[in-house]
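See structure below.
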Ligand SMILES: [Zn+2]
């Protein structure tokens with residue numbers, strides 16, 4: 065079977081990064097150069113890295129906000145107040161289930177949460193294992 069020029073061209077390997085046709089090298093090559101290979105792998109690793117940074121940033125902000133109230137001697141704060149300051153109640157570093165109660169942790173700050181308040185806030189040295 066004879067291939068048309070277009071079909072033949074589609075079968076030639078093309079660089080996954082720049083799309084350039086690769087006229088030499090192994091037929092299963094994916095990249096035209098090490099520069100394109102590095103560029104490709106840099107973007108593919110970027111999404112998980114950005115997700116980790118976003119989560120870390122949210123946890124850091126939550127910690128700073130809780131710590132502000134603890135430093136002022138408060139151990140119970142309305143969630144609405146915390147949310148206005150940027151606290152995200154969906155993020156914690158740990159949730160401890162004990163019967164029907166849940167205790168949350170943001171690094172070394174331990175707290176309980178109802179639908180209206182964060183309460184029983186305290187700094188603990190007992191981190192879950
Ligand atoms: Zn390339």
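In our numbering, the protein residues as written are 65 to 193.
Glycine included, every Cβ here is placed at the ideal spot set by N, Cα and C.
In the structure shown, residue 141 falls within a strand segment according to DSSP collapsed to helix, strand and coil.
For residue 161, the enclosing beta strand (DSSP E) has its first and last residue at 158 to 162. Taking non-hydrogen atoms of ligand 1 into account, the C-beta of residue 89 is found less than 8 Å away from none of them. Under the DSSP assignment, residue 78 falls outside any alpha helix (DSSP H); it carries neither an H nor an E label. Sequence-distant partners of residue 165 (beyond 5 residues in either direction) whose C-beta falls short of 8 Å from its own C-beta, in its chain, are 176.
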